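Number of protein chains: 2
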Amino acid sequence: MRLSELAEATGVSVATLKYYQRAGLLHPGTPVSRTQASYDQSHVDRTSLVRALTEVGGLSLTQVGAVLEAIEEPNRGSLGVMAAAAGATPLPVTPVDDTARAQAWVTARGWRVQTDDPLVGSLAVAWQAAEQAGIDLDEIRLDAYADAVEDIARVDLDSVPHDPQRAVRRVVLGTVLLDPLLATLRRMAQQDLAIRQSGQNVRA
Amino acid sequence: MRLSELAEATGVSVATLKYYQRAGLLHPGTPVSRTQASYDQSHVDRTSLVRALTEVGGLSLTQVGAVLEAIEEPNRGSLGVMAAAAGATPLPVTPVDDTARAQAWVTARGWRVQTDDPLVGSLAVAWQAAEQAGIDLDEIRLDAYADAVEDIARVDLDSVPHDPQRAVRRVVLGTVLLDPLLATLRRMAQQDLAIRQSGQNVRA
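From first to last, the protein sequence lines stand for chains A and B.
Just so you know, the first sequence maps onto residues 0 to 203 in numbering that gives the first Met the number 0.
Just so you know, the second sequence maps onto residues 0 to 203 in numbering that gives the first Met the number 0.
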């Protein structure tokens with residue numbers, strides 16, 4: 000198909016497709032003349048993926064590039080996969096001075112996360128921001144959240160294919176793309192629980 | 000304190016503070032002369048909150064305005080609080096044609112969510128994006144995630160203060176600001192689980 004047809008098939012404008020190509024996020028088509036190239040299903044799939052990562056996953060194009068790189072790198076161990084997934088995510092990056100409390104909590108929890116892992120910094124930032132906004136969030140409550148999140152991680156890892164190449168793709172994309180899905184489920188569950196607790200009856 | 004001192008106290012530039020004021024996100028100071036105003040702790044708190052919502056919560060300034068409005072509106076029932084929290088969040092908004100599958104799942108689950116609730120559309124978008132990216136996500140797996148997320152919602156609602164005004168603030172901010180914290184915990188739990196499953200020993 001032509002570029003204009005790729006645009007039609009994916010709902011992404013020709014200008015944006017050209018931009019994806021310049022940024023190295025979309026591979027070139029097969030040249031059919033000096034000015035035209037032909038595109039196939041692999042271009043449709045890739046374009047849909049880039050779009051999902053930006054629009055649903057909330058990633059910048061730079062972060063999309065990092066995700067694609069992680070997906071395409073073969074022979075990465077399971078830890079490398081996790082690190083790639085964690086690195087390619089729109090988490091807070093503002094550094095905080097004090098990560099000691101976050102580190103102490105992680106250690107007490109027994110989670111095997113390296114002390115120099117950027118995730119510890121992300122946790123410290125998010126924890127501090129929540130408390131500064133007046134949200135009570137002590138270690139006990141954090142543990143209650145962590146208990147539930149471990150169940151989520153178990154579902155995440157249960158569904159990882161054995162084939163390493165597909166495993167990387169599944170973990171990286173699943174981590175990024177399911178964040179908004181889990182956030183949506185959280186809001187639905189809050190609503191349902193609030194209705195039950197208030198004893199109100201609302202027809203679904 | 001002066002505007003320049005407010006900037007110093009919060010780490011937000013004078014230009015940005017003026018922008019917050021023009022956008023109605025930061026209340027005016029008390030005039031002390033024709034060209035100067037005096038600012039107090041309430042301005043420090045508000046500025047920190049706006050900053051947390053944008054930098055940690057990932058909200059646009061328009062969304063920050065919606066959150067602040069929800070926080071300041073008194074006498075909102077618990078359902079109104081939930082709706083405000085859900086509405087003031089950076090969730091996918093691209094409409095999809097088919098929300099029937101998402102709606103059917105919500106109904107089967109027994110969650111009391113209105114059929115016209117935008118959350119159903121958000122779920123449909125995120126679900127479709129995940130599947131298009133090649134992530135297996137059937138109703139059974141979605142239920143497994145939902146079980147864990149219900150535990151999270153229970154912790155969310157356990158910590159809501161009885162005072163309605165404070166309750167709104169807690170729920171709205173907690174929903175927005177704890178999304179990135181939960182996303183960070185998810186990545187840590189994945190890492191820990193991957194290490195345990197692979198039998199590797201890594202010193203924490």
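C-beta atoms are modelled at their ideal positions from N, C-alpha and C, and glycine is treated no differently.
On a predicted model such as this, the values are computed, not experimentally measured, just so you know.
Item, Value
"Top-ranked residue by Cα proximity to Asp39 (chain B), from B:Leu25, B:Ala51, B:Leu180", "B:Leu25"
"Chain-ordered residues of the region 139-158 of chain A with a beta carbon less than 9 Å from chain B", "Arg140, Leu141, Ala143, Tyr144, Ala145, Asp146, Ala147, Val148, Glu149, Asp150, Ile151, Ala152, Arg153, Val154, Asp155, Leu156, Asp157, Ser158"
"Buried/exposed call for His161 (chain A), threshold 16 Cβ in 10 Å", "exposed"
"Test: Ala203 (chain B) CB closer than 7 Å to a CB of chain A", "Because the pLDDT of Ala203 (chain B) is 39, which lies under 50, any placement of that residue in the model is unreliable, and the number read from its coordinates should be weighed accordingly. So yes, Ala203 (chain B) belongs to the interface."
"With 16 other Cβ atoms within 10 Å as the buried cut-off, status of Glu7 (chain B)", "exposed"
"Positions along the region 43-67 of chain A whose CB lies within less than 9 Å of some CB in chain B", "Asp44, Ser47, Leu48, Arg50, Ala51, Leu52, Glu54, Val55, Gly56, Gly57"
"is_contact[Ala129 (chain A), chain B] using C-beta, thresh 7 Å", "yes"
"Distance CB(Ile70 (chain A))-CB(Arg168 (chain A)) smaller than 7 Å", "yes"
"Anticipated Cβ contact below 8 Å, Ser32 (chain B) with Met0 (chain B), distance rounded", "Contact flag wrong, Cβ pair sits at about 15 Å."
"Simplified DSSP assignment, three categories, for Pro160 (chain A)", "coil"
"Range covered by the alpha helix (DSSP H) that runs through Arg100 (chain B)", "99-108"
"Contacts of Gly23 (chain B) in chain A (Cβ-Cβ under 9 Å)", "In chain order: nothing, as chain A lies at least about 19 Å away."
"Residues that Thr206 (chain A) contacts on chain B, provided the C-beta gap is smaller than 8 Å", "Residue 206 (chain A) is absent from the structure shown; chain A starts at 0 and stops at 203."
"Where Thr29 (chain B) sits in the DSSP three-state scheme", "strand"
"Cβ contact check for the region 131-147 of chain A and the region 140-159 of chain B: 3 or more pairs under 8 Å", "yes"
"Closest residue to Trp104 (chain B) among B:Leu181, B:Arg140, B:Glu4, B:Tyr18 (Cα-Cα distance)", "B:Arg140"
"Chain B within 7 Å of Thr9 (chain A), Cβ atoms only", "no"
"Local conformation of Ala65 (chain A) per DSSP, three classes", "helix"
"Bridge partner(s) assigned by DSSP for Ser37 (chain A)", "A:Thr29"
"At least three beta-carbon pairs within less than 8 Å, the region 184-198 of chain B to the region 114-133 of chain A", "yes"
"Buried or exposed by the 16-neighbour rule on C-beta atoms within 10 Å, applied to Gln127 (chain B)", "buried"
"C-alpha gap between Val112 (chain A) and Ser3 (chain A), whole angstroms", "47 Å"
"For Arg111 (chain A), three-class secondary structure by DSSP", "coil"
"Closer than 9 Å at the beta carbon, the chain B residues around Met0 (chain A)", "Result: empty, since nearest Cβ-Cβ is about 18 Å, beyond 9 Å."
"Segment limits, alpha helix (DSSP H) that includes Ser3 (chain A)", "2-9"
"Val55 (chain A), DSSP secondary structure in three states", "coil"
"Pair within 7 Å by beta-carbon distance, Ala125 (chain A) and Leu180 (chain B)", "yes"
"Neighbourhood of Thr53 (chain A) by C-beta, 8 Å cutoff - its chain only, sequence neighbours within 5 removed", "Ser59, Leu60, Val63"
"Leu136 (chain B), DSSP secondary structure in three states", "coil"
"First through last residue of the alpha helix (DSSP H) which encompasses Ser121 (chain A)", "117-131"
"C-beta neighbour in chain B for Arg186 (chain A), strict 7 Å", "yes"
"7 Å Cβ cutoff, Gly120 (chain A) in contact with chain B", "no"
"Residue from A:Ala166, A:Leu136, A:Val159 with nearest C-alpha to Thr174 (chain B)", "A:Leu136"
"Leu16 (chain B): first and last residue of the uninterrupted alpha helix (DSSP H) it sits in", "13-21"
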